[in-house]
Each structure stands twice: as C-alpha cells, then as structure tokens.
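Please read the structure below before turning to the comments.
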Amino acid sequence: MDKHLLSAADLTANDITRVLDTAAHLAKVTDRAIKKVPTLRGRTVCNLFFEDSTRTRISFELAAKRLSADVINFSAKESSVSKGESLKDTAITLEAMGVDAIVIRHGASGAPWRLAEWVEAVVVNAGDGTHEHPTQALLDLYTMRQRFPSFDGLKVAIVGDVLHSRVARSNVLALTTMGAEVTLVAPPTLLPARVETWGAAVSYDLDAVLPKQDVVMMLRVQLERQRAGFFPSLREYARLYGLDARRLDAMADHAIVMHPGPMNRGVEIAAEVADSIERSVIADQVANGISVRMALLYLLLGGPEVVA
Amino acid sequence: MSRLLLKGGRLVDPASGHDGPADVLVDDGRVAEVGPELDATGAEVVDCGGLVVCPGLVDLHVHLREPGREDAETIETGSRAAALGGYTAVCPMPNTDPVADNAGVVEMVAARGREVGLVDVFPVGAVTVGQRGSELAELGAMARSAARVDCFSDDGLPIREARLLRLALEYTRAFDAVIADHAQDASLTDGAQMHEGEVSAMLGLAGWPAAAEEMVVARDLLLAELTGGRLHLCHVSTGGAVELVRAAKGRGVRVTAEAAPHHLSLTDEAARSYDPVFKVNPPLREKADVEAVRLGLADGTIDAIATDHAPHAREDKEVEWSTAPPGMLGLETALAVTLTELVGDPAPGARDPQPPIPGPPNREGSPPGSGGAPAVHSPSGYLDLATAIERLTTGPGRCRRVPGHGGPVAPGTPANLAVFDPAATWTVDRARLASRARNTPFHGRELRGRVVHTLLRGAFTVRDGLAQR
C-alpha cells in the first residue's frame, strides 16, 4: 500500500484483500466487553472535516479510539478556517502539532492530494468533493464479502447520481479491481462524460437490470440536483430510479440492497426496502465501517503484526 | 546612440521573406543596413554566430495585473519577463482594477509601459463598461487617446449578448479596430473546472466542454460576417474551433486567431496532479485538440501565438483546485516551448550530415557505418523555424496594429529585435523567473531555444540572457 489512502485506484487486489482480512480480525475487538486494543497508543489522528458528515467522522473517531490513538476533531465551521485560513496553513498547523494521520473530508475534489503535498503525516481521504470516498468503497466490499464467497463475477448495480457521487467512483474502481461486474444505472444526465471508459456496463433502465444483480447499491440523490435541472422532479426520479417494494420483488432471492447513507426515504429507496430484514444490509455497512477504518489506520500507521 | 553590428547570425525576417545569413547594422535606434559582411567601422560588434536574429516578438495577450493586483505582477516585472522572452511588444488585457474601459486607464497603462521602457505596451481596451457586458465602453475615446487603442476585448468575461457583440463589431469599423473575443458559453461552463472528458469524469471536476467554445466561435464568426467587422479569437483551444475558423477564412470573413503555448503543448492529463498551476481558461484540452491547434497554426488558420500570460499570487494558487483562479505564466517560456514542441530538432550534426566514414567492420557486429555516426534527426516538427517566428512576430501584427514591431527588418525601421540560440537547452526554474508570480506549468521542463539578446529601438533590454534593467 502507498503511504496515504487517497484513491481506490491506488489499491491493488492484494491491498484490498489485506484491508478486508485485517478488518475481519479487528471486528472481533468490537465484540469484546472492553472494545479497545492498545495498538496505536501514543499516536494522534486528526479528523479534519471541512464538510459536515457526522456518521463518517464518528466512524473514524471510534475506529481510532478502539485502537487507543488520541483523536482530535477539527471541524472547519468552528475553526480558524471560517476566519479565512487556507488549507495549507491548516495543514502546516496540524503538522507542527505532531499529528500522525489526517483524515480529511473536503468539498473540493482533489483536496487530499494538495494536503498530502504539504504534510508528512499519513493522509486518509474521507470523501473529496464529487470525486472519491475510498473508505466507503472498502466497507462496502467488506459488507459484500460477508454475503458472497468471491468478487469474481459478482454482479453489482450502482444506481443513481453517478456524476456527482464519490461513492460510485471509488466503488467502481475497487470492484473492477476485484473482478466484479459493475453496472451503472442512472438517467443520462447523471452519468459522467465518457463513462464507457470506466470498465462498467451502463444502463438507463433499472427494471431491466435489477433481476440479474447480486448487489444493488442505491446512491443518495440530492434535492439540489433536481433544482439544477438534472431531472424534472423527485417524483419522476423515484418512479424511474427508486427502489420500491415492487422492484425489490423483481430482484433475485439472494440479492442484497446497500446504501451509503444518509437515505432519502421515499425518493431513491422506499422505507420498506431500507428496513427489509432479509435484503437490506445498510445497518451492517455502518457497523463494518468501523472495522474497516480500524484496519486502514492500523495498516497505514504501521502497527505491529496483526492483533486479536 | 552608438552603432551596433549584429554579425554572423541567421536573419529570419518573415515580413520580407528573408531567411539566411545576414548582418544587421543598427544606428541611433534604427536598422541602418541589412546584408552580408557589413562594414563594422565605428560600430560595436555583437557576435551572432550560430544564433538567429529576428524581429522582436509580439504578444497579443498578456495580463500585467497593474493597476490592481501589483502583488501578482506589475507593468515593470511583466515587461522584464517579456524582454527576457524575446518580446519587444505586449498587449495587456483590460481586466484590471479599475478596468481599462476608458481613455484614462489605457493611457496610464501605456504611459507606465513607456516609463519602464523594456517593451512597448499596447493596451487592449474593454468592449463594455466594467466588462459587465451591458453597454459599450467609450471605444472611440480609447481609440483616439494617446494610447491609440485599436483592439478591444472583455477577455475572461465573454460577451454573452449577441446583439452587443454585433454592435461592437459594427461600431469599431469607424476606426478599423478589432474585437478580440474569449469564446465561452457561460451557461455550459457554470462552475466548470477543467476540460470535459474522460479525465474530468475520473477526477470528479466539473467539465468545460469543447462545444462551449465552439458554439460561441461559430456565433462570433457569423456576426463578423454579418457586420463586416474585424474579429479576433483569443486562445483557440479545440479542434472544432480551428475547423470553424478555417472555414470562415475560406469564405473571406475578417477573422484572425491566436493560440497559447500551453494549448499547443499540454493536455488535460496534467490535471491529475490536482495542482492548480495547470488550471487555465479555456482549459487544457485533449491530445487530438492539441494536434488540431498545431495543424491550424501550421496552415495559417491561426495567425499568432499569444501567451495569455496570467500571473497569480502564490497564495492564490496554493489552494484546492476548485478555489484557484485559472491562468498560467507564459512570457519567459513561449519561444522555447514553441521551438521544442513545434519545430523540428536542428540537432548539432544533423544540419551538416557527414557521410559515414568507411572503416573496419564494427567488432560488435553492427552494420558498417552505424557505429559512432551521429543520429540523423528527421525534422519531425509541425512548423519550420521561419513559420514559427512568423507566428510570434509578423502574425500578431496582422491581428492588430503594433507599429514598429513584427518586422520587416529593413533600413529605417526601429531596431526592435530578438537574438536567440535555437539549439541551446535550459531547464525552467520557477524560482528564477523575472515575473513576480511563479505559476509556470513548465517548471522543471527542459526546453530548447534560449533568448540571448533583445533590443528595443537599438538598446539592449536583454544582453547575454540578462535583463539590463
């Protein structure tokens, strides 16, 4: 693995397997009465969040704390950033404070690359603009691996706003690396230019795609996209691309439903689908996120041989 | 002023068609004589053996940031950068603070240029008041001012309303001025960060499609045809735009066009670093576009190379890609980028190929004659040297008036000259640029072609590669 985790494109199949295997070991920590190991004692992890994302920040915070690292939460809204401090100055400040790893969430695509140029610390991309979210992809793969023996030939549909989705980009990269067969489903206005070069199939017709899939991953659709005219109305979007009970029935019996959250119930996913005990693994994704992020911090900060 | 003899150089003077050995005698700021083996009596001799002598370069499109952003560049630092690049004339764009939309500001810019005295400064005036695109600025007043402006542009902020562009093209016919448009459809590029294509999709950066340039180029050409006005297209960057200009020229539309060195040499792949030094507007395009712009430059569809030299303060570029302003430096690298990327390599030994020396067969068993012989460089360039120089000197002079510049190098004309070594290589080091800013996309690149001397009206502004002031 590289020094940083910036893009899912930087991970080989071996890297991904190693992260998932390590996460499986570390998941056992969570099952203990005392959910903590001393692996990263004395190391400092900073959660540098320029965008609000309570769930991702908490997930990283818990992961670091369960490895006994010291955790600083740096939220742009309450910090000097709101007084005009640049990303570079923030980076220099954190570096001077001796931070070992910086977990960055930023609204600008590529911000983690800039940060990695300015600091010695390990940089973990926790979502950059409309670009990537590699730890989300890894926790999604972990969740799929709990249900399916192999990624080879696994059929995964990613449905929704692919154009603006960092989850979609990272998942396509990681899944194709592992040999899965990805199909992107969206209205043409929400697909990126030259998407045919991504190594994934493309469809505008959710109903045609659904029955063949092992995994159906629904993406959050933001109201602002409708306002920008990418589709006429949320109602029409839900009708054409929403996963409701009727469509759930069209899926294969073994197929699972995923969503990176937060969900728009009634838009891209119906409440009964999200809450389906047999099909929905959405709560598993959240739980697995902690184990996978523990594994990443552990591997990137160079802990000793595997614990647990 | 003393007499100066530029001796033993290769004079490339596109305006007269001369390309070959010639001495140039300069007396009292003017060219006194051009010819072989001129008498050096009473003149200081400058040895130009192995060097190219040509008219001083002319840049149609620069941003000198004065007035308003003197922390990024000033007329003085920009002039020095220009002189070091072989330029004797530059045309600063009006997007300053205040905007150069009236006689007062353009006269101030021109006067400050004269005071600095390193290059001649020919300001571009704004087309509309404050470049706001709502009403025409006093174009006539700027044309009749001491700055004698004959080129107007709302560069950076394209003229959205077709009616207004039509009026500008019509109105300026009265004083034979040219409207230089930055072709960009605003609604298709709202929030755009880079060229729209495979790379933008992967990088998650909002795309600036080629069509957004081409549809405005098409509109502009139709309006030029309708009005009979003179249109100049700034920084043409797509294959489709080149094709539109080529067709329009074919039917006699009064249009000229420029291309920037970065659009002739770099592609959108550079954005993968997320380093905003590669962010520019219009954006770096794809390989096929670069190829098409090169071919357009070669066949004369594009008249001029113009740098769009856009200095930015360090803190403005040391940020996230989407926060950074677009623009890159160009004045000190344009000639070398052109020679390196577009002109066939005149490697030493290739110019005077020696016949292979007959000798004993090579012990390693390679065929006779291959061992030790200099590699034969096929001149794989897009332009020959004379055409490249034309696009940097005389070509710009076709787009707007730059009196005294662009050649011909003939007795009686002002001695505005550049002397460069076409074979010398050097490595771009942003720390050593004369520009106040550091945002060159060519940092660390080895380039071929080095400016040795620049003369403005017979006086060295650059001598032996060093700015004289």
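Chains as they are written, first to last, in this note's numbering: chain A, 6 to 313; chain B, -4 to 464. Virtual Cβ for every residue (Gly too), placed ideally from N, Cα, C.
In this structure, does DSSP put P409(B) in helix, strand or coil?
Reading the second sequence from its first residue, position 414 is the one you call residue 409(B). In this structure, P409(B) counts as strand in the three-state DSSP scheme.
Closest by C-alpha distance to G128(B), when choosing among R431(B), R143(B) and D150(B)
Position 133 of the second sequence, counted from the start, is the residue given in the question as residue 128(B). Closest option to G128(B), Cα to Cα, is D150(B).
I295(A) burial status per 10 Å Cβ neighbour count (16 or more: buried):
Reading the first sequence from its first residue, position 290 is the one you call residue 295(A). Buried, since its Cβ has 16 or more Cβ neighbours within 10 Å.
Between which two residues does the alpha helix (DSSP H) carrying E110(B) extend?
Residue 110(B) sits at position 115 when you count from the first residue of the second sequence. Start and end: A98 to V111.
Does DSSP put D212(A) in a helix, in a strand, or in coil?
For the purposes of this step, residue 212(A) is taken as residue 207 along the first sequence, with counting starting at 1. If DSSP states are grouped into helix, strand and coil, D212(A) belongs with the helices.
Any 3 or more C-beta pairs closer than 8 Å across the stretch 416 to 425 of chain B and the stretch 76 to 94 of chain B:
no
Go ahead and label R240(A) buried or exposed: buried means 16 or more other beta carbons lie within 10 angstroms of its beta carbon, across all protein chains shown.
As a first step, residue 240(A) must be located in the first sequence, where it is residue number 235. R240(A) is exposed by the Cβ-count criterion.
Opposing strand residues paired with H304(B) [DSSP bridges]:
Indexing the second sequence from 1 puts residue 304(B) at position 309. V57(B) and M323(B).
Please state if the CB of A418(B) and the CB of R443(B) are separated by a distance shorter than 8 Å.
Position 448 of the second sequence, counted from the first residue, corresponds to residue 443(B). Position 423 of the second sequence, counted from the first residue, corresponds to residue 418(B). Taking 8 Å as the Cβ cut-off, R443(B) and A418(B) qualify as a contacting pair.
Using a beta-carbon distance below 8 Å, is A101(A) in contact with chain B?
Mapped onto the first sequence, residue 101(A) falls at position 96. No, A101(A) lies away from the interface with chain B (no Cβ there is under 8 Å from its Cβ).
Is there a Cβ of chain B sitting closer than 8 Å to that of P197(A), yes or no?
In the first sequence, residue 197(A) corresponds to position 192, counting from 1. It does; some Cβ of chain B falls within 8 Å.
In chain order, what residues of the same chain have a beta carbon less than 6 Å from the beta carbon of F170(B), not counting five sequence neighbours either side?
In the second sequence, residue 170(B) corresponds to position 175, counting from 1. The residues are A138.
The stretch 32 to 40 of chain A / the stretch 153 to 171 of chain A touching (three or more Cβ pairs under 8 Å):
no
Give the straight-line distance between the Cα atoms of R520(B) and I70(B), rounded to the nearest whole angstrom.
Beyond the ends of chain B as shown, which are -4 and 464, falls residue 520(B); an answer cannot be given.
Ordered along the chain, which non-local residues of its own chain (more than five positions away) have a Cβ less than 7 Å from that of L168(A)?
Residue mapping note: residue 168(A) aligns to position 163 of the first sequence, counting from 1. Excluding residues within five positions, the ones whose Cβ falls inside 7 Å are L195, L196 and P197.
Counting contacts by CB-CB distance shorter than 8 Å, is Y166(B) in contact with chain A?
As a first step, residue 166(B) is located in the second sequence; it is residue number 171 there, counting from the start. Output row for Y166(B): interface = no.
Could you tell me which chain A residues have their CB closer than 9 Å to the CB of L261(B), listed as they occur along the chain?
Looking up residue 261(B) in the second sequence gives position 266. Those do not exist, as L261(B) stays about 18 Å from chain A at its closest Cβ, beyond 9 Å.
Cβ neighbour criterion (16 or more within 10 Å) applied to N19(A)
By 1-based counting over the first sequence, the position of residue 19(A) is 14. So N19(A) counts as exposed.
Ordered along the chain, which non-local residues of its own chain (more than five positions away) have a Cβ less than 6 Å from that of A142(B)?
Your numbering for residue 142(B) matches position 147 in the second sequence. Answer for A142(B): V101, E102, A105 and P118, listed in chain order.
Partner residues on chain D for H136(A), Cβ-Cβ distance less than 7 Å:
Absence of chain D from the displayed structure is noted, the protein chains being A and B.
Indicate the three-state DSSP secondary structure (helix, strand or coil) for G43(B) in the structure shown.
Translated into positions along the second sequence, residue 43(B) becomes position 48. Reading the sequence as shown, one finds Cys at residue 43(B) and not Gly. Reduced to three states, the DSSP call for C43(B) is coil.
So the candidates are S11(B), G30(B) and E65(B); which of them puts its Cα closest to the Cα of D18(B)?
Locating residue 18(B) in the second sequence gives position 23, counting from the first residue. Among S11(B), G30(B) and E65(B), the Cα nearest to that of D18(B) belongs to G30(B).
With 8 Å set as the bound, which would you pick, yes or no: does the beta-carbon of E310(B) sit closer than that to a beta-carbon of chain A?
Stepping through the second sequence from its first residue, residue 310(B) is reached at position 315. So, interface residue.
Name the residue from R109(B), H58(B) and V114(B) whose alpha carbon lies nearest to the alpha carbon of A95(B).
Numbered from its first residue, the second sequence carries residue 95(B) at position 100. Here the closest residue by C-alpha is H58(B).
Tell whether a beta-carbon distance below 8 Å holds between L189(A) and V172(A).
Translated into the one-based positions of the first sequence, residue 189(A) becomes position 184. Translated into the one-based positions of the first sequence, residue 172(A) becomes position 167. Their beta carbons are not under 8 Å apart, which means L189(A) does not touch V172(A) by this criterion.
Is there a C-beta anywhere in chain A that falls below 8 Å from the one on W316(B)?
Taking the second sequence and counting its residues from 1, one reaches residue 316(B) at position 321. Chain A contact via Cβ: present.
Taking N269(A) as the reference, give the member of L224(A), R251(A) and A300(A) with the closest Cα.
Within the first sequence, the letter at position 264 stands for residue 269(A). N269(A) has its Cα closest to that of L224(A), out of L224(A), R251(A) and A300(A).
Can you have a look at R284(A) and say buried or exposed, based on whether 16 or more other CB atoms are within 10 angstroms of its CB?
As a position in the first sequence, residue 284(A) is number 279, starting the count at 1. Buried, because 16 or more other Cβ atoms sit within 10 Å of the Cβ of R284(A).
Closest Cα partner of P224(B) within the set G44(B), H307(B), G247(B) and A77(B)
Walking along the second sequence from the start, residue 224(B) turns up at place 229. As written in the sequence, residue 224(B) is Gly, which differs from the Pro given in the question. For G224(B), the nearest C-alpha among the options comes from G247(B).
G390(B) to H56(B), Cα distance in whole Å?
Taking the second sequence and counting its residues from 1, one reaches residue 390(B) at position 395. Taking the second sequence and counting its residues from 1, one reaches residue 56(B) at position 61. Each residue's alpha carbon lies about 13 Å from the other.
Does R433(B) come within less than 8 Å of chain A when only Cβ atoms are used?
Locating residue 433(B) in the second sequence gives position 438, counting from the first residue. No, because no Cβ of chain A sits closer than 8 Å to the Cβ of R433(B).
Could you give the first and the last residue of the continuous beta strand (DSSP E) run that contains G81(B)?
Your numbering for residue 81(B) matches position 86 in the second sequence. From DSSP, G81(B) is part of no beta strand (DSSP E); its letter is neither H nor E.
Locate the beta strand (DSSP E) running through S64(A), then write down its first and last residues.
Sequence index remark: in the first sequence, residue 64(A) carries index 59 (1-based). Looking at the DSSP string, S64(A) is not in any beta strand (DSSP E); the run it does join, the alpha helix (DSSP H), is T59 to R71.
Measure the C-alpha to C-alpha separation of V114(B) and L143(A) and round it to an integer number of angstroms.
Residue mapping note: residue 114(B) aligns to position 119 of the second sequence, counting from 1. Residue mapping note: residue 143(A) aligns to position 138 of the first sequence, counting from 1. The alpha-carbon atoms of V114(B) and L143(A) are separated by roughly 58 Å.
Please list, in chain order, the chain A residues whose beta carbon lies closer than 7 Å to that of G472(B).
Here chain B covers residues -4 to 464 and nothing more, so residue 472(B) does not appear.
Where V128(A) sits in the DSSP three-state scheme:
The residue given as residue 128(A) occupies position 123 in the first sequence. In the structure shown, V128(A) sits in a strand (DSSP, three-state: E or B).
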